[in-house]
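Residue numbers (my numbering), protein chains in the order written: chain A, 1 to 609; chain B, 610 to 797; chain C, 798 to 863.
Note sheet for the following structure.
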Amino acid sequence: MRVTGPVLKGLLYGAVGYVLGGPVLAAVVRAAGGSFPFDLELAAGSVLGTVGWLAGVGMWDVWARGWFGLPLRSWPEDDGVARYFRFTTDHKVIGIQYLVTFLGLLFLGGALAMLMRWELMRPGMQLLTLNGFNQVMSLHGIIMIAVAVAILLGGLGNYCVPLMIGAHDMAFPRVNALSYWLTPPVAVMLLASLLVGGWDSGWTAYPPLSTVNAPGQVLMIVAVVIFGLSSILGGINFLVTIARMRAPGMTWGRLPIFVWSVFAASLLSFVVTQYLAASLLMVLLDRVAGMSYFHFARGGTPVVYQQLFWFYSHPAVYIMIVPAFGAALEVITHFARTPLYAYRWVVGAFLGIVGLSTIVWAHHNFTSGMPDWMHAPMLATTEAISVPTGLVFLSALGTLLRGRLWLRTPMLFALAWVWNFLIGGITGIFNADVATDLHLHDTYFVVAHFHYTIMGGEIFALLAAVYYWYPKITGRMYDERLGRLHFWWSFLAFNATFLPMFWAGLHGMNRRIADYPAALGSVNLWTSLAAFLLGASFLVFLYNFVVSWVRGPRAEANPWQASTLEWQVPSPPPVENFPAPPAVVGAPYVYGMPGVRHAVLGAAGGSER
Amino acid sequence: MHPAEAAGRLSAHELQNARLGLWLFIVSEAALFSAFIAARYLNLGTSRPEELNQLLGLGITGVLLLSSLTAYRAETCIAHGDRPGFLRNVLWTVLLAGVFLVGVVVEWGEGFHYFPPSTRYGTSFFSLTGLHGLHVLSGAVLLLGIYLHGRRGRYGPGEYWPVEGVVKYWHFVDVAWVFIYPTLYLVG
Amino acid sequence: MRPDRLPEKLSVGGRVFGALGVLTAVEWFAARWPGALLWLTLIALGKTALIAEYFMHYSQLVRPEE
């Protein structure tokens with residue numbers, strides 16, 4: 001009970017909240033003669049259910065009681081594994097909570113992909129119904145989007161950023177805990193949507209379909225809006241933390257590049273996420289309040305949804321990939337044993353990406369009937385974004401050229417990131433170009449492109465980062481041989497899966513479909529077999545991740561002899577991280593410079609923070 | 610958690626953190642409103658029905674502006690140690706928030722008749738005033754909380770971040786209306 | 798912060814409120830001018846600037862004192 005108590009209490013309060021806000025409220029309104037559509041019942045119930053869940057899991061005890069003038073309750077700071085199952089404010093606990101939760105969701109989303117590939121192995125229908133395929137495809141999409149947004153920022157960002165800037169925690173530890181504990185209801189709602197018919201409109205939820213389909217769509221909308229709130233609060237927390245919690249001497253020019261990437265991604269996410277919330281709320285209003293934003297029969301304009309939706313959802317890919325850039329560059333510079341090449345240009349590139357990414361959204365709409373005059377400017381801005389992205393790439397290459405490479409598992413995955421992202425980036429040009437996109441839109445060419453950028457780019461950088469920080473986070477060393485096996489297996493299987501998809505797309509294989517012409521049979525069979533291999537490679541990772549955490553050899557404080565601050569404290573770091581604020585005296589990457597230091601720890605005369 | 614925080618007081622450093630965080634939250638909220646305002650123009654340009662109650666719209670706009678003044682006075686009073694002035698002005702702000710909400714409800718009653726939510730103008734009118742109304746309602750609840758805490762003598766000079774935060778949020782609710790009012794009532 | 802500065806501070810609020818009222822009145826007429834959307838946007842931005850600076854103390858972010 002000590003461990004599971006808060007979660008059980010959260011589930012209980014959540015269920016009570018759902019019943020009160022949904023069925024009970026609906027019954028009362030209907031008894032009074034009003035109308036209360038089932039969609040509204042679902043929406044109101046899940047919002048109140050989320051509130052109940054938060055209260056039960058500990059937010060009431062450690063935070064909200066104070067709003068009513070009641071004394072707060074607190075748990076012991078060092079309470080073993082129980083800390084991971086309640087509203088704990090330590091950023092390291094929250095980082096691990098995020099990492100484990102979203103790795104679980106990554107595996108779930110991967111399993112759904114396996115299901116789709118099984119169905120697509122041969123022409124005709126094998127395993128799923130047509131509607132079932134749509135539901136699986138939609139669920140795979142939204143789960144993986146959530147994973148891509150939250151796993152690096154929420155997991156490794158939370159764990160590492162305060163350590164890397166020499167802070168004792170995030171600026172708002174309780175808001176940080178809130179950000180995390182908002183995410184389990186999101187997962188529950190997405191899965192529960194299958195009980196009320198699921199939804200078949202993909203992760204993009206385009207109207208007019210999404211205004212008239214099964215009630216599962218409502219749960220998806222509420223889930224995504226709550227997830228958006230979580231990432232907005234997380235983004236604000238990172239911005240204030242990085243702006244104001246840096247150790248003495250940690251100037252902006254001395255920040256490790258991963259910290260910069262988290263800052264840039266947060267700068268983007270805390271504003272643009274509201275446009276996703278707004279566009280989905282409009283769909284919800286069409287459904288529950290009979291409004292006419294996008295409902296075609298009432299005179300709505302579905303294209304407006306696409307404008308608002310992509311005003312978030314294109315920047316969102318940079319919310320995903322910019323922290324991956326930071327993580328990959330971090331690993332590359334440490335394992336090349338040389339300072340990051342063109343550090344300032346990379347920082348400029350991150351900020352350039354933030355700016356440019358807000359004016360490229362309509363390249364998703366070249367075939368949707370938006371005004372013609374928007375085509376050319378969006379083509380130009382989209383292609384312009386390859387300039388800052390190219391700078392990041394050149395920095396990686398420059399660092400590799402000047403360094404002496406130490407090919408351990410993290411570095412291997414970072415090198416894979418270079419290759420995968422190169423292909424993802426170059427194929428993006430064809431999607432940005434109006435003329436070629438008219439042919440490529442909604443084909444597997446696009447599927448291959450975004451899997452190369454997000455899976456090949458972000459997830460491979462994530463794996464590099466997970467292996468890199470694994471000894472710091474767990475205090476144990478992973479198995480290097482299994483790590484290398486995972487690398488070669490997943491890298492080869494990944495490319496074998498997604499390279500042929502470009503060909504399939506060029507030859508007319510539509511995305512999001514459950515069946516296809518027999519002529520595309522052999523390429524799909526190959527893709528499916530490679531995809532199963534790719535899925536299986538993650539079992540090696542899972543085994544290594546879990547078994548090493550339990551039985552791996554104890555890790556030293558600094559197994560990579562890395563120069564940044566997180567490696568100068570024990571593995572895992574103690575509560576509050578540093579006995580006294582470290583004094584930062586130089587650039588973050590001091591390799592090949594005898595006598596030069598990044599920071600002095602335990603310095604006398606450190607102030608209270 | 611730091612001892613100062615546990616006691617409900619913020620150090621100067623934490624106060625600045627909280628201020629920056631609240632400002633960022635406000636910017637984020639402004640983005641939400643801007644999306645709904647943008648949808649109004651994208652969906653129906655600047656067209657506007659003749660049946661809008663212009664006098665009522667102008668009236669509630671004035672009421673909300675006035676509530677910003679009383680909120681400002683409340684914060685300034687507590688910063689200078691004038692507790693009775695603080696309590697009086699918070700109460701005025703809550704009252705004006707109530708008047709504003711009553712005005713919106715009256716306008717909704719007329720709106721349901723002339724431009725129901727299923728029409729294109731009604732869609733934007735009801736969602737913008739509804740979204741804003743929810744912010745007014747939450748702001749009023751927070752102000753009431755500040756008032757009740759204040760009556761028990763919780764705030765004083767140099768120790769009034771909750772007041773400052775709620776008042777800033779309240780001013781933001783006013784700013785949102787500064788844009789919503791011309792969008793719904795004046796253009797076209 | 799000396800208490801005797803309170804009336805002075807409160808009168809600043811009164812003057813800002815007056816300016817906001819004048820801008821609202823101008824807005825009413827600006828809606829009928831050619832290019833109304835531009836004028837209304839400019840006036841709304843002006844009102845926002847007044848509220849952000851005098852009521853919300855925007856400059857506190859860069860100058861912590863007061």
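Note that the Cβ used here is the ideal one computed from N, Cα and C, for glycine as well.
As the structure is a computational prediction, the values presented were derived from the model and not from experiment.
Residue j beta carbon less than 7 Å from that of residue i
| i | j | result |
| --- | --- | --- |
| A610 of chain A | T241 of chain A | Because chain A spans 1 through 609 in this model, residue 610 of chain A falls outside it and cannot be assessed. |
| T389 of chain A | H363 of chain A | no |
| F450 of chain A | V392 of chain A | no |
| W786 of chain B | L673 of chain B | yes |
| N524 of chain A | L120 of chain A | yes |
| T204 of chain A | I232 of chain A | no |
| M282 of chain A | A148 of chain A | no |
| G198 of chain A | Q135 of chain A | yes |
| V796 of chain B | I755 of chain B | no |
| G21 of chain A | A44 of chain A | yes |
| T845 of chain C | V784 of chain B | yes |
| F270 of chain A | S677 of chain B | no |
| P570 of chain A | M477 of chain A | no |
| F460 of chain A | F413 of chain A | yes |
| G17 of chain A | L99 of chain A | no |
| L506 of chain A | F445 of chain A | yes |
| T50 of chain A | R174 of chain A | no |
Segment limits, alpha helix (DSSP H) that includes residue i
| i | result |
| --- | --- |
| P410 of chain A | 409-432 |
| P471 of chain A | 460-474 |
| D691 of chain B | Where D691 of chain B is concerned, there is no enclosing alpha helix (DSSP H), given that its DSSP letter is neither H nor E. |
| P162 of chain A | 158-164 |
| S548 of chain A | 521-551 |
| H486 of chain A | 480-506 |
| I454 of chain A | Note, I454 of chain A: premise wrong, no alpha helix (DSSP H); not H, not E. |
| V392 of chain A | 386-402 |
| S637 of chain B | 621-653 |
| D169 of chain A | Element bounds for D169 of chain A: n/a, residue is neither H nor E. |
| E41 of chain A | 38-54 |
| Y444 of chain A | 444-450 |
| M189 of chain A | 183-192 |
| R30 of chain A | 25-31 |
| L130 of chain A | 130-150 |
| S856 of chain C | No alpha helix (DSSP H) contains S856 of chain C, which DSSP labels as neither H nor E. |
- Item | Contained beta strand (DSSP E) runs [length at least 3] in the segment 220-301 of chain A, N- to C-terminal order | Those beta strand (DSSP E) runs which fall completely within the segment 220-301 of chain A and span 3+ residues do not exist here.
- Just checking, does the segment 329-346 of chain A make contact with the segment 368-381 of chain A on the three C-beta pairs under 8 Å criterion? With a cut-off of 8 Å, the segment 368-381 of chain A and the segment 329-346 of chain A do not count as touching, because too few Cβ pairs lie within range.
- Message: Any C-beta of chain B within less than 7 Å: which residues of the segment 828-848 of chain C qualify?
- Response: Correct list: A828, A833, L834, L837, A841, K844, T845, I848.
- Query: Listed in chain order, which residues of the segment 754-765 of chain B have Cβ atoms closer than 9 Å to some Cβ of chain A?
  - Reply: Legend: CB atoms of the segment 754-765 of chain B lying less than 9 Å from CB atoms of chain A belong to residues G754, L757, H758, R761, R763.
- the segment 512-519 of chain A / the segment 465-473 of chain A touching (three or more Cβ pairs under 8 Å): Verdict: no, contact absent.
- Query: How about the segment 251-259 of chain A and the segment 283-291 of chain A: do they share at least three Cβ pairs that are nearer than 8 Å?
  - Reply: Contact between the segment 251-259 of chain A and the segment 283-291 of chain A is absent: fewer than three C-beta pairs spanning the two stretches fall below 8 Å.
- Query: Where are the alpha helix (DSSP H) runs, 4 residues long or more, that stay fully inside the segment 710-773 of chain B, in chain order?
  - Reply: Here the runs fully enclosed are 729-760.
- Could you tell me which uninterrupted beta strand (DSSP E) segments, each at least 3 residues in length, are contained entirely in the segment 79-109 of chain A, listed from first to last along the chain? Segments of the beta strand (DSSP E) lying fully in the segment 79-109 of chain A: there are none.
- Query: Is there contact here, the segment 529-539 of chain A with the segment 83-101 of chain A, by at least three beta-carbon pairs under 8 Å?
  - Reply: No: fewer than three Cβ pairs fall under 8 Å.
- Query: In chain order, which alpha helix (DSSP H) runs of at least 4 residues are fully inside the segment 802-847 of chain C?
  - Reply: The DSSP assignment places complete alpha helix (DSSP H) segments of no fewer than 4 residues inside the segment 802-847 of chain C at 803-827, 833-847, in order along the chain.
- Task: With 9 Å as the limit, tell me which residues of the segment 722-752 of chain B have their beta carbon closer than that to any beta carbon of chain A; keep them in chain order.
- Result: Correct list: P725, P726, S727, T728, R729, G731, T732, S733, F735, S736, G739, L740.
- Which residues, taken in chain order from the segment 58-91 of chain A, show a beta carbon closer than 8 Å to some beta carbon of chain B? For the segment 58-91 of chain A, which is checked against every Cβ of chain B, the residues closer than 8 Å are G66, W67, G69, L72, S74, T89.
- Just list the beta strand (DSSP E) runs in the segment 564-607 of chain A, keeping only unbroken ones of 3 residues or longer that don't cross its boundaries, in chain order. Runs of the beta strand (DSSP E) spanning 3 or more residues and lying entirely within the segment 564-607 of chain A do not occur at all.
- Do the segment 347-356 of chain A and the segment 405-423 of chain A meet, that is, are 3 or more Cβ pairs less than 8 Å apart? Flag = no, the segment 347-356 of chain A and the segment 405-423 of chain A do not touch.
- Message: Does the contact criterion of 3 or more C-beta pairs under 8 Å hold for the segment 564-580 of chain A versus the segment 165-182 of chain A?
- Response: Yes, since at least three Cβ pairs between the segment 564-580 of chain A and the segment 165-182 of chain A fall closer than 8 Å, the two stretches touch.
- Message: Quick check: the segment 23-32 of chain A against the segment 78-85 of chain A, are at least 3 beta-carbon pairs closer than 8 Å?
- Response: Judged by Cβ distances under 8 Å, the segment 78-85 of chain A makes no contact with the segment 23-32 of chain A, as fewer than three pairs qualify.
- Report the residues of the segment 655-678 of chain B with a CB closer than 8 Å to any CB of chain C, ordered along the chain. Cβ contacts with chain C come from T655, L667, T670, G671, L674, L675, S677, L678.
- Task: Answer yes if the segment 61-69 of chain A comes into contact with the segment 146-164 of chain A, meaning at least three C-beta pairs across the two stretches below 8 Å, and no otherwise.
- Result: Flag = no, the segment 146-164 of chain A and the segment 61-69 of chain A do not touch.
- Task: Inspect the CB distances between the segment 478-494 of chain A and the segment 539-547 of chain A and report whether three or more fall short of 8 Å.
- Result: Short answer: they touch.
- Query: Listed in chain order, which residues of the segment 682-699 of chain B have Cβ atoms closer than 7 Å to some Cβ of chain A?
  - Reply: Within the segment 682-699 of chain B, no residue qualifies.
- Message: Quick check: the segment 38-57 of chain A against the segment 214-232 of chain A, are at least 3 beta-carbon pairs closer than 8 Å?
- Response: The segment 214-232 of chain A is in contact with the segment 38-57 of chain A.
- Query: Are three or more beta carbon pairs between the segment 804-819 of chain C and the segment 760-769 of chain B nearer than 8 Å?
  - Reply: By the criterion of at least three beta-carbon pairs nearer than 8 Å, the segment 804-819 of chain C is not in contact with the segment 760-769 of chain B.
- Task: Say whether the segment 702-722 of chain B touches the segment 742-750 of chain B, bearing in mind that this needs 3 or more beta-carbon pairs closer than 8 Å, one atom from each stretch.
- Result: Contact between the segment 702-722 of chain B and the segment 742-750 of chain B is present: three or more C-beta pairs spanning the two stretches fall below 8 Å.
- Task: Please name the residues in the segment 201-231 of chain A whose beta-carbon is closer than 9 Å to at least one beta-carbon of chain B, in chain order.
- Result: Of all residues in the segment 201-231 of chain A, none has a Cβ within less than 9 Å of some Cβ in chain B.
- Within 9 Å of chain A by C-beta, residues of the segment 633-648 of chain B in sequence order: Listed by position along the chain: L633, F634, V636, S637, E638, A639, A640, L641, F642, S643, A644, F645, A647, A648.
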